[in-house]
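Residue numbers for the sequence shown, in UniProt numbering: 1 to 601. Below is one structure, written out as structure tokens; the observations come after it.
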Amino acid sequence: MSSSVKESKKRKLDDADEQKQGRSKRQLIQNTLQYFFSKTAVKTTTQKDSCDDIVDSVPTEAEKIESTTCPMCSTTFENVIIAQYESHVNSCLDTADASSSDTIKQQVDPIPKPNQETASISWSKIFTAATFKIRGIWSHHKNDTAPGLNESETSWFGEPKYSSTTTATIPRRRLVPYYKRLAGTKMVVDAFTFGEIPDCEGYLLSHFHSDHYMGLSPNWIHGPIYCSEITARLVEQKLGVASDFIFPLPMNTPCTLPGTDQLTVTLMDANHCPGAVLFLVTTKDNLRYLHTGDFRACPKMCLHPMLKEQPLDIVYLDTTYLDPKYSFPSQDSCIQTACELVRRHNGVINNEDLSSNGKRIDHWFTQEKKQISSDHSTQHTDDSSDKNHRLLVVVGTYSLGKENIFIEIAKTLGSKIFVTDQKRAILETFHDQELSALLTDQCKEAQVHVIPLGHIQAENLEAYFHSLQPYFTQMIAFRPTGWTFRASSDPQMQQQQRSLESIIRARPPDLSASTLKPIYDTPLVKIFGVPYSEHSSFRELALFIASLDIRRIVPTVNVYSEKSRLKMSLLFEKWHRDKIKLIQDNGGEIKVVDYPSVDHW
Numbered sequence: 001m002s003s004s005v006k007e008s009k010k011r012k013l014d015d016a017d018e019q020k021q022g023r024s025k026r027q028l029i030q031n032t033l034q035y036f037f038s039k040t041a042v043k044t045t046t047q048k049d050s051c052d053d054i055v056d057s058v059p060t061e062a063e064k065i066e067s068t069t070c071p072m073c074s075t076t077f078e079n080v081i082i083a084q085y086e087s088h089v090n091s092c093l094d095t096a097d098a099s100s101s102d103t104i105k106q107q108v109d110p111i112p113k114p115n116q117e118t119a120s121i122s123w124s125k126i127f128t129a130a131t132f133k134i135r136g137i138w139s140h141h142k143n144d145t146a147p148g149l150n151e152s153e154t155s156w157f158g159e160p161k162y163s164s165t166t167t168a169t170i171p172r173r174r175l176v177p178y179y180k181r182l183a184g185t186k187m188v189v190d191a192f193t194f195g196e197i198p199d200c201e202g203y204l205l206s207h208f209h210s211d212h213y214m215g216l217s218p219n220w221i222h223g224p225i226y227c228s229e230i231t232a233r234l235v236e237q238k239l240g241v242a243s244d245f246i247f248p249l250p251m252n253t254p255c256t257l258p259g260t261d262q263l264t265v266t267l268m269d270a271n272h273c274p275g276a277v278l279f280l281v282t283t284k285d286n287l288r289y290l291h292t293g294d295f296r297a298c299p300k301m302c303l304h305p306m307l308k309e310q311p312l313d314i315v316y317l318d319t320t321y322l323d324p325k326y327s328f329p330s331q332d333s334c335i336q337t338a339c340e341l342v343r344r345h346n347g348v349i350n351n352e353d354l355s356s357n358g359k360r361i362d363h364w365f366t367q368e369k370k371q372i373s374s375d376h377s378t379q380h381t382d383d384s385s386d387k388n389h390r391l392l393v394v395v396g397t398y399s400l401g402k403e404n405i406f407i408e409i410a411k412t413l414g415s416k417i418f419v420t421d422q423k424r425a426i427l428e429t430f431h432d433q434e435l436s437a438l439l440t441d442q443c444k445e446a447q448v449h450v451i452p453l454g455h456i457q458a459e460n461l462e463a464y465f466h467s468l469q470p471y472f473t474q475m476i477a478f479r480p481t482g483w484t485f486r487a488s489s490d491p492q493m494q495q496q497q498r499s500l501e502s503i504i505r506a507r508p509p510d511l512s513a514s515t516l517k518p519i520y521d522t523p524l525v526k527i528f529g530v531p532y533s534e535h536s537s538f539r540e541l542a543l544f545i546a547s548l549d550i551r552r553i554v555p556t557v558n559v560y561s562e563k564s565r566l567k568m569s570l571l572f573e574k575w576h577r578d579k580i581k582l583i584q585d586n587g588g589e590i591k592v593v594d595y596p597s598v599d600h601w
């Protein structure tokens with residue numbers, strides 16, 4: 001934390017203290033809330049994602065590359081975030097002077113350019129060293145010549161292969177990554193940062209998270225945007241894109257897109273955030289592509305009549321958590337655990353232990369009753385002791401997502417939900433009357449407060465909590481993200497989990513209020529990391545693949561590292577061999593893997 005931020009924070013808090021005598025408690029709280037939701041809120045030095053603006057809070061579940069090199073300037077990167085790496089490469093493609101790019105904060109000394117030819121390597125040539133086709137793109141037919149899967153297919157990469165005489169001094173357009181193009185078509189998915197794409201007939205937007213809509217603005221004129229109705233409202237309302245370019249499509253209804261070569265698109269719920277969808281695209285040749293965008297796989301998807309027992313020629317798969325260490329609990333399990341913790345800390349279950357060491361609620365939260373100054377005694381005469389001695393629950397969220405957690409917690413407490421005006425504007429685009437009825441702008445009345453995920457930090461929350469006394473006397477905060485979970489690091493266990501059969505037999509990790517430990521713990525303020533993810537776990541990805549007739553898989557995350565692509569490709573091949581055996585055991589049928597609920601495996 002910079003000294004200027006510290007001094008600014010101290011000045012603001014000191015000013016608030018000096019004004020206590022002359023201002024009402026309500027005014028002080030409003031000032032404090034404004035401060036903590038402003039751009040000067042305290043952030044730790046290790047924080048990488050900006051949470052300054054609630055609308056533009058970017059998901060922190062960003063994949064990283066352990067080690068890679070820019071194909072243009074040969075700069076080496078260690079432990080770099082994918083989005084940053086992609087930004088750097090695109091910058092190199094846009095300018096001959098790649099060394100001027102400063103978009104990578106974790107940059108190390110660049111490797112000297114061996115020759116001009118190396119500097120002119122085109123984006124597509126990153127993949128040409130593969131032992132078959134494009135390494136990392138799995139197909140159960142090695143001689144597959146479908147559009148986009150042949151190395152000589154230029155449309156796959158959106159560029160012709162450059163000759164060895166091409167030099168880095170020739171300006172080139174930023175290239176659309178292969179996984180954002182629907183093979184053999186002129187449609188792209190979540191590809192707005194590339195501006196106008198030549199011959200593109202339409203832009204599909206999977207959901208309203210900034211790493212997917214980035215590039216959209218009031219100046220967008222490059223082509224029609226197809227998305228869900230919720231996403232369409234957000235794009236127009238929050239980004240200012242002209243409605244003439246926004247075409248919301250209905251859910252679960254095949255729609256033929258005008259101006260295309262008889263392409264039909266069907267939107268399905270992606271179980272990611274409100275408005276997030278899967279795109280099922282059917283070509284005039286009856287090729288069927290499924291682009292998952294960001295999704296959390298569940299049995300309901302595989303039971304969909306348009307997916308069940310029908311072949312999918314290509315699945316563009318969200319591989320964010322395609323690693324055995326990320327087999328985290330179901331969302332339902334996380335919500336139930338969070339609600340149980342809330343009940344315990346709220347005193348509803350007074351006789352239950354909070355942890356294995358036998359501490360009870362009355363022991364953890366023993367506190368002398370605070371003396372309220374005479375200046376405010378009249379103000380609180382109508383407040384009962386129960387009203388002033390309540391639990392405050394704070395839930396961190398992105399600009400969009402994690403709604404199920406704070407809604408269920410509010411129902412558990414019988415409480416309203418306090419949100420900022422910006423957050424309310426987003427939530428009201430859902431047109432959900434039940435949710436809208438729960439929202440309030442009265443912070444002292446609501447026991448559930450929703451704030452940006454990046455603000456779930458000890459220093460912020462301590463000050464925020466104390467500013468709300470005497471209305472609340474205890475606080476617990478939840479930081480819901482899949483990165484919270486840490487599975488066993490035993491290599492043998494992880495290797496065994498790579499078998500489809502063993503993954504199907506296994507159950508998701510247990511999660512309970514008794515075993516979930518706080519990551520920050522004081523008598524009055526506790527922070528819990530909850531492994532509530534809106535991306536598919538490793539196990540869910542495996543079961544999703546096992547439950548559908550998939551001919552090819554194109555990973556869309558962790559694709560820039562050759563090591564990562566090879567790892568995914570080998571895993572998909574192994575799972576395919578395992579799947580053949582499962583199909584034989586099922587009498588030649590591909591069946592949806594057994595499930596306890598259609599909402600999760």
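We treat Cβ as the ideally placed atom computed from N, Cα and C, and that holds for glycine.
Straight-line CA distance for residue i to residue j?
i: R174; j: M187; result: 17 Å
i: D549; j: L391; result: 49 Å
i: F406; j: D261; result: 44 Å
i: V394; j: Q474; result: 11 Å
i: N219; j: P452; result: 28 Å
i: residue 628; j: T283; result: An answer regarding residue 628 cannot be provided, because it is not within the stretch 1 to 601 covered by the chain.
i: Q310; j: R552; result: 14 Å
i: K105; j: E562; result: Summary for K105: the model assigns pLDDT 32, below 50, so the residue's position carries little reliability; its value from the coordinates is reported in the next sentence. Computed Cα separation, rounded: 22 Å.
i: L506; j: G202; result: A small correction: the amino acid at residue 506 is Ala; Leu does not occupy that position in the sequence shown. So the two alpha carbons sit approximately 42 Å from each other.
i: M306; j: P555; result: 22 Å
i: L524; j: Y213; result: 40 Å
i: M72; j: Y179; result: Confidence at M72 is low in this model, with a pLDDT of 40, below 50, so its placement is unreliable and no value can be given for it.
i: I580; j: L267; result: 29 Å
i: G347; j: Y464; result: 22 Å
i: L571; j: R498; result: 7 Å
i: I426; j: E403; result: 11 Å
i: Q584; j: T256; result: 37 Å
i: G195; j: T76; result: 27 Å
i: P509; j: E340; result: 17 Å
i: E540; j: D432; result: 29 Å
i: T420; j: Q442; result: 10 Å
i: Q336; j: L263; result: 42 Å
Would you call the CB atoms of residue i and residue j closer than 9 Å?
i: A338; j: R296; result: no
i: P248; j: S228; result: yes
i: L438; j: I417; result: yes
i: G482; j: F245; result: no
i: V593; j: T320; result: no
i: A477; j: L461; result: yes
i: V450; j: K411; result: no
i: L216; j: M568; result: no
i: C334; j: P531; result: yes
i: L278; j: S206; result: yes
Does DSSP put residue i in a helix, a strand or coil?
i: V592; result: coil
i: L317; result: strand
i: residue 611; result: Outside the modelled stretch of the chain, which goes from 1 to 601, sits residue 611, for which no answer is possible.
i: N79; result: strand
i: K423; result: helix
i: Y471; result: coil
i: G482; result: helix
i: F194; result: coil
i: L278; result: strand
i: L267; result: strand
i: V557; result: coil
i: F247; result: strand
i: C273; result: coil
i: D578; result: helix
When burial is assigned at 16 or more other CB atoms within 10 Å of the CB, is residue i buried or exposed?
i: I527; result: buried
i: N586; result: exposed
i: G259; result: exposed
i: I221; result: exposed
i: L303; result: exposed
i: P254; result: exposed
i: H535; result: buried
i: V265; result: buried
i: A191; result: buried
Contact between the segment 285-295 and the segment 235-242 (3+ Cβ pairs under 8 Å): no
The segment 512-526 / the segment 272-282 touching (three or more Cβ pairs under 8 Å): no
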